[in-house]
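Everything on this sheet refers to the single structure shown next.
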Amino acid sequence: MVRFSTLLGAMYHKLGFRRLFWRVFIWFWLSSLLVMFATSFVIISKYSSEDYAKRYSNDVLTQAERIVWRYEQTLVPQANRSVKLKNWINKKENRRGHLMSMLIMDDTKQRIYHYRLNKVKPEDRLAHSVFGPSGRSYQVFSKKPQAPRIYTQLMYRFQSLQFVFIFFASALVSALLSWSITRPLNYLGSFSRHYANKQEVAPLPRALLTRGDEVADLAQDIEFMINKTHAAATAQQQLLHDVSHELRAPLARLQVSAALIEQKSPDSRHVKQIHNDCLRIDQLIQQILDYSKLEQGNPAQEPCNINALCEQVIKNMAVTYPDIPVTFKADNKAQLNGYPEALLQAFDNIIGNACKYSSDGQPVDISVNNRENSIVVSVRDHGPGVDESEMSKLLQPFYRAGNKMHTNGFGLGLSIALKAINKHHGELRISTPDGGGLLVEIILPRDTVA
Amino acid sequence: MKNEKYKILLVDDDETLCALLSEFLQEEGFEVETLHSGNAATERLLQSDEFDTVVLDIMMPGMSGLDVLRNVRAKRQVPILMLTGRGDDIDRIVGLEMGADDYLGKPCNPRELSARIKAIIRRTENSLANGAPGKAIVHTLLHGIELDTGTRTAVVNNNILPLTSAEFNALSLLMERAGQTITKQDMTQEVLNRPLEAYDRAMDVHISRIRQKLSSEGINDVIKSIRGVGYQMLTEQQPAQSDD
């Protein structure tokens, strides 16, 4: 029993019985079956019972009349009269077991026939009178007709092919109903999921919008909402794009102006400061653009070779940080479907951080490991590391370890990396390993479900 | 080096920036003309051969820098330096594929721009002054490619390969040191006269264009990519194979 219930439970979850389809289907089916049972019950108990009583009385009277007729015609001797009459009836009716319980007495109260009525209490008896061919009247007692139990009757009826047909027909109708309710809902669900993943607006089918029912209302609302969201997202992207472009134009002019001053007084440290800050503003604009770009939906996932992406980043680090030795341990099968641009950005920011916080000659160790369901990229530096208390804040935009403002960088790097990793449903873990430094692990699930 | 000033065409829709930059470049010793639209630049470049270098902004309203590049490159071999937005990798690669000589991220330090222009001019200068002093004219024949550093032509099957100056320099460097691996750093320095940058795709695109042009003449797999290091031209004794 326990095993059976766990089996049911497993089925419940596996087949998704929580789904609306099954709920509508099962409830509608059960209730239609219930209605049919109830109707049958009422019909059988009311009409069939009356019918049965009438039929029973008729049968009793017919048999009694026959017995009386035989009795008068042949003048059966008193001894064994009942038995002889029974035998005759059996022969006549040509089937056994059709003898009905009854007691027949003539007008002098003399028993002329008796079959199994002794055990029937007087209040359960019915009295009839019949007339023989001679015109004599006889009294006949029989059992009050008792309809067979209702379920026996029901079972008798429902074992029929009709019932099997009804059973399956109602299942079919319920399934159709359930399907007609859940199908547009499923469609709407996949429609909005499609938008969330791809950020492409496709029109909803007209048939769905003009059904005139609640589903059509829902479809219209979803369409409205998606259009609104899309407009807002597009406007935001446009704004960021325009702002960054507009910010860069004056920045470019500022740089040239500074360079013009520099031409006239070549050793001005103020001009150098202006150049440095221009560079910083430019980098900041770029990072904000990168960050917002990750918000946009990517049209399609591509196969990404994690080793190749890491190698590309490492090669570029060698240009930017020629004095930091980088070790790399590749794993041959590190391949997954994802967004290579985003991953490249994540690796670039994390490996770049590791190089930035390493002093000359201290190595940065990078390794790619294939696990059962995921690929783990570990980046370990031997720099100053991060306080335990600051770990959680590291991922906030514009946060910098040690809360040192105005140092190199903006604190956006890890946020960008995290965003890119989240896009792959991955995980970013930061820890301080034994021996100092910082260990950053990027865990990317192999099956990225979009 | 010629005695008169080098003439530069500066194309950017930001007029103030153009005015400032031309002031700066004039101070650096260039003669500068500025134009503010893609159409005007295309027209000017197709009718005149007088510019030594074109500095072309890619992001312009209307006719973009890439359109200008496509129209001009079909008819003129004038060196073109693209100004691209930072992070616009696709623009850079497309621009180089279309025959731009080099790119520079914008906004940039004008001194960097001036250095790039000088690098491009030095490169083309070598090609104009046949037999520049101190450098001997070299004729090389390898894999059926006949290279002449005097006329700066590469001939295959009696056809002159249509190479840009950067491509010619890269091919001649590879042939000169056939059998040796040349790092991307060295190649960028020697071919483009500038140091390699992070995420610098210029050399890769130039090499890929040389390969395409050789391949259209039936010469395949003579330039080998050495992963993570650079490139190598195979000698005729080496088996022709490539790992990319």
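Residue numbers (the UniProt record's numbering), protein chains in the order written: chain A, 1 to 450; chain B, 1 to 244.
Note that the Cβ used here is the ideal one computed from N, Cα and C, for glycine as well.
Could you tell me the distance, in whole angstroms, from the CA atom of residue i to the CA atom of residue j?
| i | j | result |
| --- | --- | --- |
| K315/A | L218/A | 52 Å |
| D447/A | Q345/A | 20 Å |
| N353/A | L25/B | 37 Å |
| L176/A | V164/A | 18 Å |
| N307/A | R269/A | 44 Å |
| K106/B | V205/B | 20 Å |
| L69/B | N39/B | 11 Å |
| S134/A | D107/A | 13 Å |
| R116/A | W22/A | 55 Å |
| L81/B | G95/B | 10 Å |
| Q236/A | T235/B | 56 Å |
| C108/B | Q255/A | 7 Å |
| R211/B | P303/A | 26 Å |
| V271/A | A19/B | 20 Å |
| G179/B | T153/B | 22 Å |
| L209/A | E390/A | 52 Å |
| P205/A | F168/B | 57 Å |
| T183/B | G230/B | 4 Å |
For residue i, which residues in the same chain have their Cβ closer than 6 Å to its Cβ, ignoring the five residues on either side in sequence?
| i | result |
| --- | --- |
| S244/A | I285 and L289 |
| residue 473/A | Residue 473/A falls outside the range modelled here, since chain A spans only 1 to 450, and no answer is possible. |
| M63/B | G38 and N39 |
Taking the Cβ atom as the reference point for each residue, do residue i and residue j lie within a distance shorter than 8 Å?
| i | j | result |
| --- | --- | --- |
| L428/A | S378/A | no |
| T188/B | I226/B | no |
| M175/B | T124/B | no |
| L85/A | F141/A | no |
| R253/A | L17/B | yes |
| A158/B | E217/B | The sequence as given places Asn at residue 158/B; Ala does not occur at that position. It is not a contact, given that the beta carbons lie outside the stated cut-off. |
| F51/B | K5/B | no |
| residue 452/A | D124/A | Examination of residue 452/A is not possible in this model, given that chain A is present from 1 through 450 alone. |
| I351/A | V313/A | yes |
| D331/A | N370/A | yes |
| A342/A | A420/A | yes |
| M105/A | Q139/A | yes |
| L45/B | L10/B | no |
| G228/B | E311/A | yes |
Output needed for residue i: all residues of its chain with C-beta closer than 8 Å, excluding positions within five of it in sequence on either side, in chain order.
| i | result |
| --- | --- |
| N305/A | A334 and Q335 |
| K98/B | This sequence places Met at residue 98/B; Lys is not what is there. So the qualifying residues of the chain are L66, L69, R70 and R73. |
| R248/A | D282 and I285 |
Closest to residue i by CA distance: which of the options is it?
| i | options | result |
| --- | --- | --- |
| A259/A | Y6/B, E28/B, D13/B and L9/B | E28/B |
| G437/A | N332/A, A38/A, P266/A and Y357/A | Y357/A |
| P79/B | R92/B, D89/B, V72/B and V54/B | V54/B |
| S101/A | Y113/A, E93/A, K109/A and L294/A | Y113/A |
| L56/B | E50/B, S48/B and H36/B | H36/B |
| R66/A | R55/A, Y52/A, Q78/A and I89/A | I89/A |
| T34/B | E43/B, L83/B, L45/B and S22/B | S22/B |
| A300/A | E311/A, G338/A and D277/A | G338/A |
| P250/A | E262/A, C278/A and K264/A | C278/A |
| L444/A | T432/A, S431/A and A417/A | A417/A |
| A127/A | S82/A, E341/A, I261/A and V60/A | V60/A |
| L75/A | K119/A, G132/A and A53/A | G132/A |
| residue 452/A | D242/A, L240/A, S192/A and W69/A | Outside the displayed range of chain A (1 to 450) lies residue 452/A, so it cannot be described from this structure. |
| G189/A | E223/A, A231/A and G411/A | E223/A |
| G435/A | L412/A, G383/A and H425/A | G383/A |
| E200/A | S137/A, M36/A, H424/A and I226/A | I226/A |
From the DSSP output, read off the bridge partner residues of residue i.
| i | result |
| --- | --- |
| N349/A | In the DSSP output, where bridge partners are listed per residue, N349/A has none listed. |
| Q335/A | N305/A |
| Y138/A | V130/A |
| A154/B | L147/B |
| D434/A | None, per the DSSP bridge assignment. |
| N39/B | Beta-bridge pairing links N39/B to no other residue. |
| L103/A | H114/A and F141/A |
| F328/A | I366/A |
| Q77/B | None; Q77/B has no bridge partner. |
| M82/B | L56/B and Y103/B |
| E427/A | I443/A |
| T34/B | L10/B |
| Q232/B | T181/B and K224/B |
I'd like to confirm something about residue i: is its beta-carbon nearer than 7 Å to some heavy atom of the ligand COA, or not?
| i | result |
| --- | --- |
| T39/A | Among the ligands in the structure shown, none appear at all, so the ligand COA cannot be discussed. |
Apart from the five residues on each side of it in sequence, which residues of its chain come closer than 7 Å, Cβ to Cβ, to residue i?
| i | result |
| --- | --- |
| M405/A | Bear in mind that the predicted position of M405/A carries a pLDDT of just 48, short of 50, making it unreliable; the figure below should be weighed with that in mind. The answer is none, since no qualifying residue turns up. |
| L192/B | D102, A119, A166 and A202 |
| S367/A | K329 and S378 |
| S174/A | F25, F28, W29 and S32 |
Chain C beta carbons: is any one of them nearer than 8 Å to that of residue i?
| i | result |
| --- | --- |
| D14/B | Protein chains in the displayed structure are A and B, and chain C is not among them. |
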